[in-house]
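K.L.:
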Amino acid sequence: MADPGFLLIFAISLVAGFFGAMTGLGGGTIIVPVLTYLGVDIKLAIAASMVSVIATSCSSAASYLREGLVNLKVGMYLEMFTVSGAIVGASITLASGQDLLFVIFGCVLIGAAVLLFIRQRAPEREAVDNRDRLSCWLELSGKCEDRAEKKTIVYYPSRAAAGGPLMVIAGMISGLLGIGAGAFNVLAQDLVMGLPTKVSTATSTLIIGVTALAGTGIYLSAGLVDPDLAVPVILGVMLGALGGSFILIRSTNRAVRNYFMVVVVVIGIDMVIRGVS
Amino acid sequence: MTRRLPPLETLVFAILAGGLLLSVVLILAGLTWEWILQGTLNADHPALSAVNVRGLLESFAAGSPAGLSPLVLLSAGIAVLLMTPYIQVLAAMLFFTFRDRNYRFSAITGFVAVVLTWVLFLR
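Sequences listed follow chains A and B, in order.
According to our numbering, the first sequence is numbered sequentially starting from 79.
According to our numbering, the second sequence is numbered sequentially starting from 30.
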């Protein structure tokens with residue numbers, strides 16, 4: 079395996095974290111392909127990225143909790159499904175060949191970018207009380223403050239029975255590729271369970287940390303967690319994500335974000351080509 | 030405007046923020062030590078050998094096979110980071126069981142805790 083050196087990995091992770099926060103796809107989606115360009119084994123890159131997801135999750139979830147945007151009950155209910163998926167996903171990675179991982183990674187990158195692009199254009203729906211029996215039984219409803227409009231929004235998560243099993247797929251993608259899979263988490267919570275976008279984004283940051291932990295356990299026991307790779311990736315992605323979120327909150331120019339999405343799609347296509355060839 | 034967080038949110042916030050801070054401090058201490066000792070950060074450490082988190086923690090308890098070294102601090106930083114969401118899940122389970130007496134969520138968080146315990150300590 080090539081050893082790109084601490085400072086180079088740190089610098090790349092910093093950019094990846096920034097890039098990941100700007101696109102909303104997370105640092106892992108960028109750092110894994112870039113590390114493979116440098117000659118790092120894709121499984122080692124996935125394991126290092128998985129550990130960095132825990133760090134970014136702790137940092138963002140703590141900040142969203144302070145804002146009162148995380149629905150802990152929804153998060154903990156969905157974690158049941160994502161941790162199971164992550165264990166399956168990470169086990170598949172251990173058993174898979176590198177080429178297959180490149181192809182899957184590329185397809186997921188393209189899919190996630192397209193899903194986020196579609197979601198950006200979807201209007202925010204009004205909160206409707208459309209609860210199924212499971213959602214009522216779990217008492218998942220919550221409220222959050224809309225600072226822009228200075229009002230409290232009460233929301234009623236629905237279709238918990240469908241949302242949970244869907245999250246197994248999000249967990250599997252996370253464990254398989256060492257990414258947070260936040261785009262898939264948020265989509266399931268938004269479209270299926272009807273959570274407000276801010277709440278689903280915030281709750282997703284909590285879920286991805288616990289999910290990544292389950293995947294990391296598998297990689298750790300396979301001896302794939304290399305401190306020389308994991309440490310600069312953890313520090314770089316976390317700092318980059320902080321910077322990216324800071325700028326994203328203050329940025330009103332959606333075109334910049336869309337430009338980054340195009341780059342992600344290009345990386346995805348390249349990963350597929352590398353896997354196939 | 031300062032808003033008072035509910036107790037469970039406060040607990041989870043404290044665990045996540047505290048765990049992350051401790052982990053980053055340990056990692057930075059390990060890196061600083063390595064820099065002072067070797068003048069470079071490009072040391073070639075072995076991958077954390079095929080162990081689970083229990084093995085990692087036991088090696089610290091035994092003083093680590095290689096004695097106290099920058100690698101021990103770096104590994105401790107990674108171990109603390111891994112333990113942070115785990116402790117958060119355990120704390121939520123205890124909160125739902127003893128404080129809230131919400132046994133549905135005791136069972137849900139209990140399931141997550143059992144899966145994580147298996148994957149981190151028992152495999």
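The beta-carbon is built from N, C-alpha and C at its ideal position, and this holds for glycine as well.
Going by DSSP in three states, Tyr142 (chain A) sits in which element: helix, strand or coil?
P.N.:
Along the first sequence, one-based indexing puts residue 142 (chain A) at 64. In this structure, Tyr142 (chain A) counts as helix in the three-state DSSP scheme.
K.L.:
Just list the residues that DSSP pairs Cys222 (chain A) with in beta bridges.
P.N.:
Numbered from its first residue, the first sequence carries residue 222 (chain A) at position 144. DSSP lists A:Ile231 as partners of Cys222 (chain A).
K.L.:
Check for me: the alpha helix (DSSP H) holding Asn71 (chain B) runs from which residue to which?
P.N.:
Within the second sequence, residue 71 (chain B) is the residue found at index 42, counting from 1. First-last for Asn71 (chain B): undefined, no H or E at that position.
K.L.:
At a CB-CB cut-off below 8 Å, which residues of chain A make contact with Ile107 (chain B)?
P.N.:
As a first step, residue 107 (chain B) is located in the second sequence; it is residue number 78 there, counting from the start. Ordered by position in chain A, the residues that pass the 8 Å Cβ test against Ile107 (chain B) are Val129, Val303, Pro305, Ala308, Val309 and Ile312.
K.L.:
In three-state terms, what does DSSP make of Gly242 (chain A)?
P.N.:
On the first sequence, position 164 is the one that residue 242 (chain A) refers to. It is helical.
K.L.:
Using a beta-carbon distance below 8 Å, is Ile116 (chain B) in contact with chain A?
P.N.:
The residue you call residue 116 (chain B) lines up with position 87 of the second sequence. Output row for Ile116 (chain B): interface = no.
K.L.:
Use the C-beta contact count for Arg211 (chain A): other C-beta atoms within 10 angstroms, 16 or more gives buried, fewer gives exposed.
P.N.:
Residue numbering aside, residue 211 (chain A) sits at position 133 when the first sequence is read from its first letter. Its Cβ having fewer than 16 others within 10 Å, Arg211 (chain A) is exposed.
K.L.:
Below 7 Å between beta carbons is the criterion; list the residues of the segment 271 to 298 of chain A that meet it against any residue of chain B, in chain order.
P.N.:
The residues in question are Gly287, Val288, Leu291, Ala292, Thr294, Gly295, Ile296 and Leu298.
K.L.:
So is Leu45 (chain B) in contact with chain A if we call contact Cβ pairs under 8 Å?
P.N.:
Counting from 1 along the second sequence, the entry for residue 45 (chain B) is found at position 16. At least one chain A Cβ lies under 8 Å of Leu45 (chain B).
K.L.:
Here's the rule: buried if 16 or more other CB atoms are within 10 angstroms of the residue's CB, otherwise exposed. What is Glu217 (chain A)?
P.N.:
Counting from one through the first sequence, the residue named residue 217 (chain A) turns up at place 139. Its Cβ having fewer than 16 others within 10 Å, Glu217 (chain A) is exposed.
K.L.:
Compare the Cα-Cα distances from Ala308 (chain A) to each of B:Asn131, B:Ser52 and B:Leu45 and report the closest residue.
P.N.:
As a position in the first sequence, residue 308 (chain A) is number 230, starting the count at 1. Minimum Cα distance to Ala308 (chain A) is reached at B:Ser52.
K.L.:
Jot down the residue ranges of each uninterrupted beta strand (DSSP E) in the segment 228 to 315 of chain A, minimum 3 residues, whole runs only, in chain order.
P.N.:
If we require 3 residues or more, the beta strand (DSSP E) runs fully inside the segment 228 to 315 of chain A come out as 229 to 233.
K.L.:
Is the Cβ of Asp73 (chain B) closer than 8 Å to any Cβ of chain A?
P.N.:
Within the second sequence, numbered from 1, the residue matching residue 73 (chain B) stands at position 44. Yes - at least one Cβ of chain A is within 8 Å of the one on Asp73 (chain B).
K.L.:
Check whether the Cβ of Ile65 (chain B) lies closer than 8 Å to any Cβ atom in chain A.
P.N.:
To locate residue 65 (chain B), count along the second sequence from 1; it is residue 36. False, the Cβ-Cβ gap to chain A never drops below 8 Å.
K.L.:
So which residues of chain E does Val54 (chain B) contact, with C-beta pairs closer than 9 Å?
P.N.:
Of the chains in the structure shown, none is chain E; the protein chains are A and B.
K.L.:
Exposed or buried, what is Tyr132 (chain B) when buried is set at 16 or more other beta-carbons lying within 10 Å of its beta-carbon?
P.N.:
Here residue 132 (chain B) refers to the residue found at position 103 when the second sequence is read from its first residue. Answer is exposed; the Cβ neighbour count stays below 16.
K.L.:
Write down the C-beta distance between Cys222 (chain A) and Leu320 (chain A) rounded to the nearest angstrom, noting that I regard them as a contact closer than 8 Å.
P.N.:
The residue given as residue 222 (chain A) occupies position 144 in the first sequence. The residue given as residue 320 (chain A) occupies position 242 in the first sequence. Not confirmed; about 22 Å, so no contact.
K.L.:
Residues of the segment 118 to 132 of chain B with a CB closer than 7 Å to any CB of chain A: list them in chain order, please.
P.N.:
Listed by position along the chain: Val118 and Ala121.
K.L.:
Buried or exposed: where does Val131 (chain A) fall if 16 or more other Cβ atoms within 10 Å of its Cβ makes it buried?
P.N.:
In the first sequence, counting from the first residue as 1, residue 131 (chain A) sits at position 53. It counts as buried.
K.L.:
Given this structure, state the Cα-to-Cα distance separating Asp73 (chain B) from Val118 (chain A), to the nearest angstrom.
P.N.:
Here residue 73 (chain B) refers to the residue found at position 44 when the second sequence is read from its first residue. Here residue 118 (chain A) refers to the residue found at position 40 when the first sequence is read from its first residue. So the two alpha carbons sit approximately 14 Å from each other.
K.L.:
I'd like to know if Tyr155 (chain A) contacts chain B, where contact means its C-beta is closer than 8 Å to some C-beta of that chain.
P.N.:
On the first sequence, residue 155 (chain A) is found 77 positions in, with the first residue counted as 1. So, interface residue.
K.L.:
Helix, strand or coil for Glu157 (chain A) per DSSP?
P.N.:
Residue numbering aside, residue 157 (chain A) sits at position 79 when the first sequence is read from its first letter. In the structure shown, Glu157 (chain A) sits in a helix (DSSP, three-state: H, G or I).
K.L.:
Alpha carbon to alpha carbon, how far is Val343 (chain A) from Pro94 (chain B)? Give it in angstroms, no decimals.
P.N.:
Taking the first residue of the second sequence as position 1, residue 94 (chain B) is located at position 65. Taking the first residue of the first sequence as position 1, residue 343 (chain A) is located at position 265. Because the pLDDT at Pro94 (chain B) is just 49, under 50, the model does not fix this residue reliably, and the value given afterwards should be weighed accordingly. Taking the straight line joining both Cα atoms gives about 46 Å.
K.L.:
Nearest CA to the CA of Ala123 (chain A): which residue from A:Cys136, A:Ala133, A:Thr134 and A:Thr107?
P.N.:
Translated into positions along the first sequence, residue 123 (chain A) becomes position 45. Comparing Cα-Cα distances from Ala123 (chain A) to each of A:Cys136, A:Ala133, A:Thr134 and A:Thr107, the minimum goes to A:Thr107.
K.L.:
Just mark Ile107 (chain B) as buried or exposed, buried being the case when its beta carbon has 16 or more other beta carbons within 10 Å.
P.N.:
Here the question's residue 107 (chain B) lines up with position 78 in the second sequence. Result: buried.
K.L.:
In the structure shown, what three-state DSSP assignment does Pro114 (chain B) receive?
P.N.:
What you label residue 114 (chain B) is simply residue 85 of the second sequence in a count that begins at 1. Pro114 (chain B) falls in the helix class under three-state DSSP.
K.L.:
Under 8 Å Cβ-Cβ, which residues of chain B neighbour Lys121 (chain A)?
P.N.:
For the purposes of this step, residue 121 (chain A) is identified with residue 43 of the first sequence, where counting begins at 1. Those do not exist, as Lys121 (chain A) stays about 11 Å from chain B at its closest Cβ, beyond 8 Å.
K.L.:
Could you give the distance in angstroms between the alpha-carbon of Ala46 (chain B) and the alpha-carbon of Leu313 (chain A)?
P.N.:
If you number the second sequence from 1, residue 46 (chain B) lands on position 17. If you number the first sequence from 1, residue 313 (chain A) lands on position 235. Distance between the alpha carbons of Ala46 (chain B) and Leu313 (chain A): 15 Å.
K.L.:
Going by DSSP in three states, Pro35 (chain B) sits in which element: helix, strand or coil?
P.N.:
Looking up residue 35 (chain B) in the second sequence gives position 6. Coil at Pro35 (chain B), not helix or strand.
K.L.:
Taking the beta carbon of Pro99 (chain B) as the centre, do at least 16 other beta carbons fall within 10 Å, making it buried, or is it exposed?
P.N.:
For the purposes of this step, residue 99 (chain B) is taken as residue 70 along the second sequence, with counting starting at 1. Under this definition Pro99 (chain B) is a buried residue.
K.L.:
Name the two residues that bound the continuous alpha helix (DSSP H) containing Leu145 (chain B).
P.N.:
Here residue 145 (chain B) is taken as the residue at index 116 of the second sequence, counted from 1. Its alpha helix (DSSP H) spans residues Tyr132 to Thr146.
K.L.:
In chain order, what residues of the same chain lie with their CB nearer than 7 Å to the CB of Leu145 (chain B), ignoring the 5 residues before and after it?
P.N.:
Walking along the second sequence from the start, residue 145 (chain B) turns up at place 116. Tyr115 and Val118, listed in sequence order.
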